[in-house]
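Peer 1:
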Amino acid sequence: MSQPLTPEEITQAYFAAWATHDLNTIMRHLGPDCVFINGTINTTTGAPAIRALFAQYFTAYDAFRFDVLSLATAADGRTVLNERLDYMWKDGKRLEIPCAGAVTVENGLITSIRDYFDLAAVNAQRGGPPPAS
Numbered sequence: 001m002s003q004p005l006t007p008e009e010i011t012q013a014y015f016a017a018w019a020t021h022d023l024n025t026i027m028r029h030l031g032p033d034c035v036f037i038n039g040t041i042n043t044t045t046g047a048p049a050i051r052a053l054f055a056q057y058f059t060a061y062d063a064f065r066f067d068v069l070s071l072a073t074a075a076d077g078r079t080v081l082n083e084r085l086d087y088m089w090k091d092g093k094r095l096e097i098p099c100a101g102a103v104t105v106e107n108g109l110i111t112s113i114r115d116y117f118d119l120a121a122v123n124a125q126r127g128g129p130p131p132a133s
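Taking full-length UniProt numbering, the leading residue of the sequence shown gets 1, the next gets one more, and so forth.
#1: Check whether the stretch 18-27 touches the stretch 97-111, taking contact to mean three or more Cβ pairs, one atom from each stretch, closer than 8 Å.
#2: So for I41, helix, strand or coil by DSSP?
#3: Can you tell me which of the three DSSP states T20 falls into?
#4: Return no unless some Cβ of chain D is closer than 8 Å to the Cβ of Y116.
#5: Please classify T61: does DSSP put it in a helix, a strand, or coil?
#6: Hey, quick one: how far does the alpha helix (DSSP H) through N123 stretch, first residue to last?
#7: So what does DSSP say about A100, is it helix, strand or coil?
#8: Within 10 angstroms of its Cβ, does S112 collect 16 or more other Cβ (buried), or is it exposed?
#9: Check L30 in the structure and name its three-state DSSP category.
#10: Roughly how many angstroms separate the alpha carbons of A132 and P4, rounded to a whole number?
Okay, structure coming up:
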């Protein structure tokens with residue numbers, strides 16, 4: 001019998017899944033009540049709402065890659081702290097986003113994702129502030 005994946009392994013699998021551009025592969029790692037905090041942009045709660053948000057990302061960008069620079073499990077044993085370079089491509093143009101985050105895993109599923117980054121630096125790469133919603 002194989003051992004269950006550790007929180008770090010689940011977190012790494014989630015990040016790697018983004019390169020597949022396959023929403024089902026990404027969502028397989030998330031719990032039904034997962035909370036996604038995307039810096040200061042938005043907070044999205046529940047797998048259906050997160051799926052809809054991620055689907056919008058796939059419409060907006062051609063490809064993704066998250067390069068994990070460092071990863072460590074917090075003292076609680078279920079929160080994985082990470083430092084990454086996130087890459088997104090659209091029409092041949094690449095955005096490079098330095099990011100720090102925390103992913104919480106319970107019972108083999110991600111229950112929260114918290115990402116922190118400099119939104120001004122992202123907007124500068126995109127050529128200005130995002131459109132008002």
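Quick reminder that beta carbons are idealized off the backbone N, C-alpha and C, glycines included.
Peer 2: On the basis of the data shown:
#1: no
#2: Numbered from 1 along the sequence shown, position 41 holds the residue referred to as residue 41. Reduced to three states, the DSSP call for I41 is coil.
#3: As a position in the sequence shown, residue 20 is number 20, starting the count at 1. Three-state DSSP puts T20 in a helix.
#4: Judged by its chain identifiers, the structure shown contains no chain D, having just a single protein chain.
#5: Along the sequence shown, read from residue 1 onward, the residue named residue 61 stands at position 61. The question names Thr, but residue 61 is Tyr in the sequence shown. It is coil, neither helix nor strand.
#6: Locating residue 123 in the sequence shown gives position 123, where the first residue counts as 1. N123 -> alpha helix (DSSP H) spans 119-126.
#7: Start at 1 with the first residue of the sequence shown, and residue 100 comes out as number 100. Three-state DSSP puts A100 in a strand.
#8: Here residue 112 corresponds to residue number 112 of the sequence shown, with the count starting at 1. Result: buried.
#9: For the purposes of this step, residue 30 is taken as the residue at position 30 of the sequence shown. In this structure, L30 counts as strand in the three-state DSSP scheme.
#10: Locating residue 132 in the sequence shown gives position 132, where the first residue counts as 1. Locating residue 4 in the sequence shown gives position 4, where the first residue counts as 1. With a pLDDT of 49 at A132, under the threshold of 50, the predicted position of this residue should be treated as unreliable, and no value is reported.
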